[in-house]
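Residue numbers (this note's numbering), protein chains in the order written: chain A, 1 to 421; chain B, 422 to 842.
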């Protein structure tokens, strides 16, 4: 059945084993701020797991060094050039040339921390360093999962994946039943950063693409797998844009507005999905997005806080602007499971369009508690970066920086649950 | 995961995808009665399953024709030559030469019967025609199972085998717990004629050989898999010997005794396991096996009737001859499941040695009722063959022939459950 990658076997074989959002973000960064020096660093939110006890530093180094030897396969650069689902010619030649021939992953730093965690990160020109994220997450997750499975025989591993297959089957049956009952469900695999192993995400994407039609299983965030299984590569942007932009401008508000117009200058409507929660979605809706943009953009991605409240507030937001929310979309992507997906799709049916980016619970549900691991931009031009999000427990940044930005935003614990428009 | 063989893909790729017992029996037949004309024919005991509705005759023909094009791989003939677990040089050069260079599977016959079953068999010199059995059973079973799975997606098939893996894991855990509790269990895979698919038996043999030591998982009846997974090829003889011998001699008793002495003239002690139930094991113990043979032979294979009663009677049989039953072995091989294996091993612990030949329930427990299919010798030199067995429901032969042999044996329904020694 499935074979756990052996010691020494490369976990990342292709630079396209990454999230699709890295490419549109990469192009905008390449065009607007390629040389801003940014630092990305890994954070293990599962603090009870002492990563340094699970992962051999030497082996992790070998894996990361291997990634640095890879060049983008030209055939896949061609596929990127030919990507037209988000508008024709979404990627420009200068950026494709940069990614294929000039992009160089900066040296990473790696050490054991005294608290048993790993300090892993990289500093370099933004257009280069931003590409590290998914490779680091995939490698660390795979090495961690492999260590958990160390004592198991091949047959016990087969049995673990047998159970995982049956859990996947249950999820599929629930989705099929919900769809048959008239609940409009469409979803994408967003597990690239989260999957237990690359082979397991590969298997899941293959299964979902065979079982569901295109308008139900929309695609995968994994570019390599999207090409392999002939489904759409899914993704737009992530917090790193808003986080770095904040320190590039004097004003938080100006920086955020600039990020939106920069995005608009790069891409067509297909990519107009706003990730609004970096400094809280209430702040975004009230101060950043203009009524014209609200009318033009396709919708929002919800990535923190209560998704039902987010949906209700989004509907009221559109209504307050005289926009019919039924013409707009919410992409839910925060810690989804199948029951939440069905509940949300059912709850908002006929009121606002919904789709789902399904990650950890889709491809890291094999009987072990998944790591909550992120690689985030933490500094730009020497200044500390901050993400607040709609759930303050997910805030990222130095406490003093977080407090400063909270004050600037007017963020308080109730802010994002009380509609202000 | 597992891939069901596609239409047109050969199911039998090697003439060693057969039961090991075919080779010792083959050698004795080659030496003693190579040219006796014998007819082998398939019987589907699962009469409720109309095979002709499940299996395309043309495809079955293609598969059988393909088997007729195969030659024994010389490397595996060498392995046969080097087989020494049953005594050095168990196979003689003339027989090895025959099997490698001269043995020719006779033409088969195949047609739809009016009752919806398939008439499939072959007639020819015994030393040739006896080799058809396992290839026919494997092909028919695979085509039948493939038809059952026809409507399933690859993922549904994955889920079926995921469940089958978890069932296998349960069985393994039960065996391990029983062994840990001091119950002396050893067993072999006897599923060559019964496995759902060759790949599934392959997987199971691989798993068992990795999990259990040699003295627990003793080996497999499948010669090809024994070599592939480096375990012992298991098998001695089957009913066809006793059935054909009966019509080669005037007297039932003389023929059976001759079969035993012919066997002794061919092989060493390692193969001295008597399959006693062809005309009932009571008859065999009372009239066929001599006290000297009972003392010399390692033991019996139990293949029909109540295994607990068989064991009790075997113990009393040995005791009546002044032989310590604890030095003797029963190989149980009739429709075993894990609970029966554990019960029998526990029940006879310290009284007589036991081992188990585990077939259908080991390798055809994937959620569909397995076929009860046999290919048996039905005629020799134009005379109808009979097998009574310890369970008259398993009797084979024309009713008039069965009645005749029953009278000759003195078989009545109670005969084999009432000890007569």
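Glycine included, each C-beta is placed from N, C-alpha and C at the ideal position.
Quantities reported herein were computed from a predicted structural model and do not represent experimental measurements.
The Cβ atoms of residue 301 (chain A) and residue 275 (chain A) lie closer than 8 Å to each other. At least 8 Å separates the CB of residue 59 (chain A) from every CB of chain B. Judged by their CB atoms, residue 394 (chain A) and residue 239 (chain A) are not nearer to each other than the 8 Å cut-off. Closest in C-alpha terms to residue 124 (chain A), from the list A:216, A:312, A:316, A:35, comes A:35. Residue 782 (chain B) is bridged by DSSP to nothing; it lacks a bridge partner.
At a cut-off of 8 Å between beta carbons, residue 579 (chain B) contacts chain A. Of the residues B:465, B:504, B:528, the one whose Cα lies closest to the Cα of residue 485 (chain B) is B:528. For residue 820 (chain B), the uninterrupted alpha helix (DSSP H) run begins and ends at 820 to 830, by DSSP. Buried is the label assigned to residue 454 (chain B), since at least 16 other Cβ atoms lie within 10 Å of its Cβ. In terms of Cβ geometry, residue 296 (chain A) and residue 272 (chain A) form a close pair [threshold 8 Å]. In the three-state reduction of the DSSP assignment, residue 470 (chain B) falls in the coil class, being assigned neither a helical nor a strand state. In the three-state reduction of the DSSP assignment, residue 740 (chain B) falls in the helix class, which pools H, G and I.
Beyond the five residues adjoining it in sequence on each side, residue 470 (chain B) comes within less than 7 Å, by CB distance, of 792 in the same chain, given in chain order.
Contact check between the stretch 773 to 781 of chain B and the stretch 751 to 763 of chain B: three or more CB pairs, one atom from each, fall below 8 Å, which counts as touching. Contact annotation: the stretch 456 to 467 of chain B does not touch the stretch 401 to 408 of chain A, with fewer than three C-beta pairs closer than 8 Å.
Counted as a single uninterrupted DSSP element, the beta strand (DSSP E) harbouring residue 380 (chain A) occupies residues 373 to 380. Taking 8 Å as the CB threshold, residue 574 (chain B) lines the interface with chain A. Rounded to the nearest whole angstrom, the CA to CA distance from residue 587 (chain B) to residue 759 (chain B) is 14 Å. Between residue 519 (chain B) and residue 548 (chain B) a beta carbon distance of about 7 Å is seen, short of the 8 Å cut, so the two are scored as contacting. The alpha-carbon of residue 533 (chain B) is positioned some 21 Å away from that of residue 817 (chain B). One thing to note: residue 526 (chain B) has its Cβ no nearer than 8 Å to the Cβ of residue 540 (chain B). In the same chain as residue 640 (chain B), and ignoring 5 residues on each side of it, the C-beta atoms closer than 8 Å to its own belong to 609, 610, 647, 652, 653, 654, 655, in chain order.
Within the stretch 578 to 611 of chain B, contact with chain A at the beta-carbon level (separation under 9 Å) is assigned to 579, 580, 582, 583, 584, 585, 586, 587, 589, 590, 593. The Cβ-Cβ distance between residue 678 (chain B) and residue 632 (chain B) does not fall below 8 Å. Look at residue 223 (chain A) here: in three-state DSSP terms it is helix.
One alpha carbon belongs to residue 361 (chain A), the other to residue 552 (chain B), and they sit about 52 Å apart. DSSP places residue 494 (chain B) in no alpha helix (DSSP H); its state is neither H nor E. Annotation for residue 342 (chain A): 174, 175, 178, 183, 185 place their beta carbon closer than 8 Å to its own, counting only its chain and skipping 5 residues before and after. Contacts with chain A at 8 Å (Cβ-Cβ) do not include residue 774 (chain B). In summary, no residue of the stretch 737 to 764 of chain B has a CB separated from any CB of chain A by less than 7 Å.
Within the stretch 563 to 626 of chain B, complete alpha helix (DSSP H) segments of at least 4 residues are found at 575 to 601, given in chain order. When C-beta distances to chain B are compared with 9 Å, every residue of the stretch 265 to 290 of chain A stays at or above that value. Counting along the chain, no alpha helix (DSSP H) covers residue 521 (chain B), and no H or E run does either. A Cβ-Cβ separation of about 7 Å places residue 17 (chain A) in contact with residue 222 (chain A) under the 8 Å criterion. With its beta carbon less than 8 Å from one in chain A, residue 628 (chain B) belongs to the interface.
In this structure the stretch 660 to 671 of chain B does not touch the stretch 614 to 627 of chain B; the number of beta carbon pairs closer than 8 Å is below three.
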